[in-house]
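Novice: I have a structure here, written as structure tokens, and I will follow up with some questions on it.
There are 4 protein chains.
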Amino acid sequence: MVVILKNNIQQDKLDNFIQWLSDQGIEARPTKGLHTTILGLVGDTAKLDLDTIKAVSIVEDAIRIQEPYKNANRKFHPLDTVVQIGELKIGGGNFQVISGPCSVESEAQITEVADRVHKAGARLVRGGAFKPRTSPYAFQGLRAEGIELLHAARRKTGMPIVTEVMSASHLPLFEDVDVIQVGARNMQNFELLKELGKLRKPILLKRGLANTMEELLMSAEYIMAGGNMNVILCERGIRTFETATRNTLDISAVPMLKKLSHLPVVVDPSHAAGINWMVEPLSMAAIAAGADGLIIEVHNDPQHALSDGPQSLTPDQFDELMPKIKSMASFMGKKMAD
Amino acid sequence: MVVILKNNIQQDKLDNFIQWLSDQGIEARPTKGLHTTILGLVGDTAKLDLDTIKAVSIVEDAIRIQEPYKNANRKFHPLDTVVQIGELKIGGGNFQVISGPCSVESEAQITEVADRVHKAGARLVRGGAFKPRTSPYAFQGLRAEGIELLHAARRKTGMPIVTEVMSASHLPLFEDVDVIQVGARNMQNFELLKELGKLRKPILLKRGLANTMEELLMSAEYIMAGGNMNVILCERGIRTFETATRNTLDISAVPMLKKLSHLPVVVDPSHAAGINWMVEPLSMAAIAAGADGLIIEVHNDPQHALSDGPQSLTPDQFDELMPKIKSMASFMGKKMAD
Amino acid sequence: MVVILKNNIQQDKLDNFIQWLSDQGIEARPTKGLHTTILGLVGDTAKLDLDTIKAVSIVEDAIRIQEPYKNANRKFHPLDTVVQIGELKIGGGNFQVISGPCSVESEAQITEVADRVHKAGARLVRGGAFKPRTSPYAFQGLRAEGIELLHAARRKTGMPIVTEVMSASHLPLFEDVDVIQVGARNMQNFELLKELGKLRKPILLKRGLANTMEELLMSAEYIMAGGNMNVILCERGIRTFETATRNTLDISAVPMLKKLSHLPVVVDPSHAAGINWMVEPLSMAAIAAGADGLIIEVHNDPQHALSDGPQSLTPDQFDELMPKIKSMASFMGKKMAD
Amino acid sequence: MVVILKNNIQQDKLDNFIQWLSDQGIEARPTKGLHTTILGLVGDTAKLDLDTIKAVSIVEDAIRIQEPYKNANRKFHPLDTVVQIGELKIGGGNFQVISGPCSVESEAQITEVADRVHKAGARLVRGGAFKPRTSPYAFQGLRAEGIELLHAARRKTGMPIVTEVMSASHLPLFEDVDVIQVGARNMQNFELLKELGKLRKPILLKRGLANTMEELLMSAEYIMAGGNMNVILCERGIRTFETATRNTLDISAVPMLKKLSHLPVVVDPSHAAGINWMVEPLSMAAIAAGADGLIIEVHNDPQHALSDGPQSLTPDQFDELMPKIKSMASFMGKKMAD
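Going line by line, the protein sequences match chains A, B, C and D.
Its first residue numbered 1, the first sequence is counted upward by one per residue in my numbering.
Its first residue numbered 1, the second sequence is counted upward by one per residue in my numbering.
Its first residue numbered 1, the third sequence is counted upward by one per residue in my numbering.
Its first residue numbered 1, the fourth sequence is counted upward by one per residue in my numbering.
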């Protein structure tokens, strides 16, 4: 950490501050410039609170020069993490497509979609049982029943299931879920993250609409600090001034997150743009940028979808897309499950 | 709702769509333009899902022309809501200052700060018992003990207490809290909002960092749909490209929220800028823009604050600020509690 | 400037870099931490290019700890600049209202509006002769004729005129303009700024839609580096994700710009929100935050305005607003011209 | 265009408005809803000014449902535009790499870089002669001399040259430039765009940092309205809250711009991220998303680059990258010049 001191400070205040740092095992090494004096702090500065330092009366500013996350940091874990979901692997060169409808609506719907996407090459099935909806008057998901229906889809296809949790109090219902998803709106629901850290199940952690990559990694750190190292990061678009797309897919997040962290990174092109014809070009771009997987919404009847229709593909469209995905993943040297 | 149709669509598909709308009690009235045909939908369109309509194959786009919130909408409730907290009122011309430290740290700290801000003119005391912190390694609040200490502050000063809830499972600890705060990161924690809707306590709902005013009102609607009409909206800065301030205070949100809704609107200048010397000009601006109250952080020892130091005032600074606040509130025709 | 070095660098590369800095009169003082070595650079680092330093192969990052602007910096010019426009003053406690239509349309229009706003208390008249319009098919302004009509308005009311320049090649037409405005879209038209630096006329410099406060000050620096110290800064809203208002008025920019710089700061509430009923609350907020002036659009016939109608006030509405502005300016201790 | 009327309006005002529209050849077809009446406007609504309509006293809101650009609109020009630069083609399946240093610094530098990138497979050489720099104290480019040096590079390699114009008054110097670039900061310098519309040379138009895709297309429309149809669009990153990258590459802009318009779209991965190791993954993503070309910065001595070092590749790095670009372009079915 680098601390920039105000001009014309009293020596005794500086001495006090240096002593206070020293009491915490931090050595402060000053450099006097023409106008400004800076302190280089040496020691375990990760435990110092940046805001506390900035609040000291003689301090003009303080800048952290090391990342505040440890478990998620590639510097300390150079090798790619491979998350294991049953026999499936994701990360470390293993690429997977997760697919299914936005919401689970009925057994017929979820098993049919699961069957179709499985035949096309998806290897995990997703579907929302608990749905975060902006309006209290909109369909909120089938909840417990939705999870039961996902089990039916798993029985039919053999695919592991991925579904979103919205509250720690619902976790008992997720005992037999294979991958628990944390949605963008809950990325900083820290109480929920702590509970997920106690599990050993894979967690699919979606980036919040207005959260930086560092914040995403800090939320992963919450889960990992509890001992659960099976975190999959997901880029799904950020909120910007542009309105032609629902969100702006931050494609740079793929290589950057993989540089900063050893965790697998998947991309959700369906939610990023919110437009079904854009799923193909964004999927291609995501793989080309180095993604370890994709989450693609498929619905068997978009006209009557109870949520999020415009971004869904039909099973027929998905059938056309998958060969292109496989071909691009192969071109980029990725392995897909058979 | 206005539906814009694609060009060159088949008549039978259009007939089907109009029939499907009719089945739901909605009449579609077409207008043919040179290039485009639009449908004006007549009926209770609030129950239609915008995304479902957009997903229909013959639809190019659909635009909602009425607000999707009802209970929070000034059109249906023209008079200002006055939220009652014990004998205090907020809204409808009544202005209040809520003050206290970011985190509750000790009985001495919270009672001393409460005493000082009460003497200066604050009429509600705030302090964080549960703290949402980006880092799992940072201080997470005294939790249950922090709420006990707030009770001690209330006993000493008589001021109602305001504190943040981070999970529905903690709500039993909040039974004797006067105003429950929902933080920016939980503004779309819909499961929590639903639980708060079952209470009849005042809820202070902070706008999320990247949430629109409409989304804030929809989150208020979640609480109100449960029957709890005692919602206070709080503008606390949004996330933009500007880095000179921590967030960008959206001052326009004050008049706009008060135009769209009848609920009281307070401003948090401490978190908006994240800089203690800016609390004064932003407080003045907020009152001038029509705010019904302010939330101002005060700490008795910023150097040793366990969280969020740089934005806090000292009690002495607060003593200097309050007369200016009172004078500006009076200038704007607001009543403050004695 | 602080330079953070990569880990495990070769000593000879470090020696070369330190020598290269030394050749430019900069001394590098190293501080070795546990994981990282930093260099504190001492000397006139303003002339170092940050990107050049970052490009050095052994450098991880470099951080400038002093502002890159000099003439505009309050550290070097502690007293408020008072810009003189004929007998009028702006800044240093002097507050002015600049008013008029978005576009100059006819002599009758501009003289009538000028007369009305002058009677209500505005002391400078504005009107667009050259209009930056998003569409090539929209009205582009009366251009040279528009400036002539502004002269007519000045003759009738005695008010100095403010109008926008869009190209350095048009400057000969601005010889008899009192204040030259640089619009948001041209804030970083550096060739234009250099030409304005050669004049000694007051320049009203609007902040770009996506420009930081530091960039605004650097654009002011371009003008001042040429010797023209008469720069008035203008906050007019920034582009964010929020769509309820056309732009987001960054009210914090008022106190922050005045802290960083000695230049006067005015606010344009008409363009910030793009909604005429919001001009009043945003004007009040701007004055309360410390602004030195306001630019308010007034049009005598909003229905037939050739540009930017929805944000304009009628002369009658302006008559109602001005007493509130005068009262708030007086409350904040500002002087207005008689 | 759809016009939403206010509630409870007077019939005579509505009649007047409908008559005023009729006078302009626009028919207004009303649809009465439960709470709201809308007017569907039929006729050539492109000439109506949206803001003028919104300013009408009985109007609540107005929404344009057709794109405001014509020449750039794919609806009216379904086939891809192929821009011809000498014998080179870009667009319509033809893919080109434009490469060279950020700034032209010396004959040795620009000819050596041009020679290296030409050998590696670039077919156009770029280099800045006029440099838009945030600071007036930074290197501003060699200007006229820089253009001379680009001619030398063209003589040596046979490659057409691409360089940026910053002011219409400099255009005489660009007579022998093959492609004129408009930088992000000048995307809405409408006076410059009009002058470029008078030429018949290809124009490379970069998207502004905070400009929407529609605004980019409107700026292209300015050039095309003058008769110059040779416009190449360039996505180079937008400004968002994320700070891990300098800008956020809006990868969705590639397929969206190609859907909305027939113009070729190239991507600048060097400026988008501002980080040299990210040029490769972002280049791959851009091609996969459908881009028609790339602009990649290459510098022969990044340590001593006079501008924008951290984003440049060395010629050796470019040699390694080009086979990957060629391979991906071929995978996506694009033709590159020999």
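Ideal Cβ positions, reconstructed from N, Cα and C, are used throughout, including at glycine.
#1: Return helix, strand or coil for B/Arg-185, following the three-state DSSP convention.
#2: Quick check on DSSP: helix, strand or coil for A/Ser-307?
#3: In the structure shown, what three-state DSSP assignment does A/Asn-73 receive?
#4: Less than 8 Å between CB atoms is the rule here; does C/Leu-14 satisfy it with respect to chain D?
#5: Please report how far the alpha carbon of C/Ile-110 lies from the alpha carbon of B/Leu-192, in whole angstroms.
#6: With burial defined as no fewer than 16 other Cβ atoms inside 10 Å of the residue's Cβ, what is the status of C/Ala-120: buried or exposed?
#7: Counting only Cβ-Cβ distances shorter than 7 Å, please list the residues of the segment 228-254 of chain B near chain D, keeping chain order.
#8: Between D/Leu-217 and D/Thr-81, which are expected to be in contact by the criterion C-beta below 8 Å, what is the C-beta distance as a whole number of angstroms?
#9: To the nearest angstrom, how far is the alpha carbon of D/Pro-160 from that of D/Arg-185?
#10: Taking only runs that begin and end inside the segment 73-149 of chain A, name each unbroken alpha helix (DSSP H) of 4 or more residues, in chain order.
#11: Just the chain C side, please: which residues come within less than 8 Å of B/Leu-193 by C-beta, in chain order?
#12: Measuring CB atoms only, is the segment 4-20 of chain D touching the segment 49-65 of chain D, in the sense that at least three cross pairs come out at less than 8 Å?
#13: Could you pull out every residue in the same chain whose Cβ sits closer than 6 Å to the Cβ of A/Thr-45, ignoring the five residues on either side in sequence?
#14: Restricting to Cα atoms, I'd like to know which of B/Ile-18, B/Tyr-137 and B/Leu-48 is closest to B/Ile-63.
#15: With burial defined as no fewer than 16 other Cβ atoms inside 10 Å of the residue's Cβ, what is the status of B/Gln-84: buried or exposed?
#16: Using only alpha-carbon positions, find the residue among C/Asn-211, C/Asp-15, C/Tyr-222 and C/Pro-255 that is nearest to C/Arg-239.
#17: Work out the CA separation of C/Met-213 and A/Lys-32 for me, nearest whole Å.
#18: Could you tell me which residues DSSP puts in a beta bridge with C/Asp-176?
#19: Within the present structure, is the beta-carbon of D/Val-165 separated from the nearest heavy atom of the ligand MN by less than 7 Å?
#20: Under 8 Å by Cβ, that's how I've got D/Ile-203 and D/Val-177 pegged, so tell me the actual separation to the nearest angstrom.
#21: Kindly provide the ranges of any beta strand (DSSP E) runs that are 3 or more residues long and lie completely inside the segment 238-315 of chain A, ordered along the chain.
#22: What would DSSP say about A/Asn-8, mapped onto helix, strand or coil?
#23: Tell me whether the beta-carbon of C/Met-328 lies closer than 8 Å to the beta-carbon of C/Ala-288.
#24: Give every residue of the same chain whose Cβ lies closer than 7 Å to the Cβ of D/His-170, excluding the five residues on either side of it in the sequence, and list them in chain order.
#25: Can you tell me where the alpha helix (DSSP H) with B/Asp-51 in it begins and where it stops?
#26: On the CB-based measure, 16 or more other CB atoms within 10 Å of its CB, does C/Pro-269 come out buried or exposed?
#27: Spell out the partners DSSP gives B/Glu-164 in its beta bridges.
#28: Within 8 Å of any Cβ in chain B, is that where the Cβ of C/Thr-157 sits?
#29: What residues in the segment 42-64 of chain D bring their beta carbon closer than 8 Å to a beta carbon of chain C?
#30: DSSP three-state label for A/Ala-337, please.
#31: Would a C-beta distance cut-off of 8 Å place A/Gly-150 and A/Thr-163 closer than the cut-off?
#32: Given this structure, state the Cα-to-Cα distance separating C/His-383 from A/Ile-18, to the nearest angstrom.
#33: On the DSSP bridge list, what partners appear for A/Lys-32?
#34: Going straight from the alpha carbon of D/Lys-13 to that of D/Leu-5, what length do you get?
#35: So C/Gly-226 packs on C/Lys-198, CB below 8 Å; how close in whole Å?
#36: Whole-angstrom Cβ separation of C/Leu-124 and C/Val-179, contact assumed at under 8 Å?
Specialist: Answer, in terms of the structure:
#1: Here B/Arg-185 sits in helix by DSSP.
#2: Interpretation of A/Ser-307 is limited by its pLDDT of 46, a score under 50 that renders its predicted location unreliable; no figure is taken from the coordinates.
#3: A/Asn-73: strand per DSSP, three-state reduction.
#4: Between C/Leu-14 and chain D, the shortest Cβ-Cβ separation is not below 8 Å.
#5: If I take the Cα positions, the gap works out to 56 Å.
#6: Buried: at least 16 other Cβ atoms inside 10 Å.
#7: Listed in sequence order: Arg-239, Thr-240 and Phe-241.
#8: About 13 Å; that fails the 8 Å criterion.
#9: Spanning the two alpha carbons is a distance of roughly 24 Å.
#10: As far as the segment 73-149 of chain A is concerned, its whole alpha helix (DSSP H) runs of at least 4 residues are 107-120.
#11: Simply none; closest approach about 21 Å.
#12: Short answer: they touch.
#13: Closer than 6 Å at the Cβ level, and outside the excluded window around A/Thr-45, lie Met-1.
#14: Nearest option by C-alpha distance: B/Leu-48.
#15: Exposed.
#16: Across the set C/Asn-211, C/Asp-15, C/Tyr-222 and C/Pro-255, the C-alpha of C/Asn-211 shows the shortest separation from the C-alpha of C/Arg-239.
#17: Each residue's alpha carbon lies about 28 Å from the other.
#18: Per DSSP, C/Asp-176 has no beta-bridge partner at all.
#19: Inclusion of the ligand MN in the displayed structure is not the case, the ligand content being empty and no account of it being possible.
#20: Their Cβ separation, rounded to whole angstroms, is 11 Å, which puts D/Ile-203 and D/Val-177 out of contact at 8 Å.
#21: Counting only runs of 3 or more, we get 265-267 and 293-297.
#22: Note: A/Asn-8 maps to coil in three-state DSSP.
#23: Yes, these two residues count as a Cβ contact at 8 Å.
#24: Cβ within range, chain order: Phe-130.
#25: From DSSP, the alpha helix (DSSP H) with B/Asp-51 extends over 50-55.
#26: When all chains shown are included, C/Pro-269 counts as buried.
#27: For B/Glu-164, which the question treats as bridged, DSSP gives the partners B/Gln-181.
#28: Not an interface residue.
#29: Listed by position, the residues of the segment 42-64 of chain D near chain C (Cβ gap below 8 Å) are Ala-46, Lys-47, Asp-49, Asp-51, Thr-52, Lys-54, Ala-55, Val-56 and Ser-57.
#30: Reduced to three states, the DSSP call for A/Ala-337 is coil.
#31: Per the sequence shown, the amino acid found at residue 150 of chain A is Leu instead of Gly. Result yes, Cβ atoms of A/Leu-150 and A/Thr-163 sit closer than 8 Å.
#32: The requested residue 383 of chain C is not part of the displayed model; chain C covers only 1 to 338.
#33: According to DSSP, which records beta bridges pairwise, A/Lys-32 is partnered with A/Thr-37.
#34: About 11 Å.
#35: Contact annotation, C/Gly-226 with C/Lys-198: C-beta distance approximately 5 Å; criterion of less than 8 Å satisfied.
#36: Yes, they are in contact, since the Cβ atoms of C/Leu-124 and C/Val-179 sit about 7 Å apart, within 8 Å.
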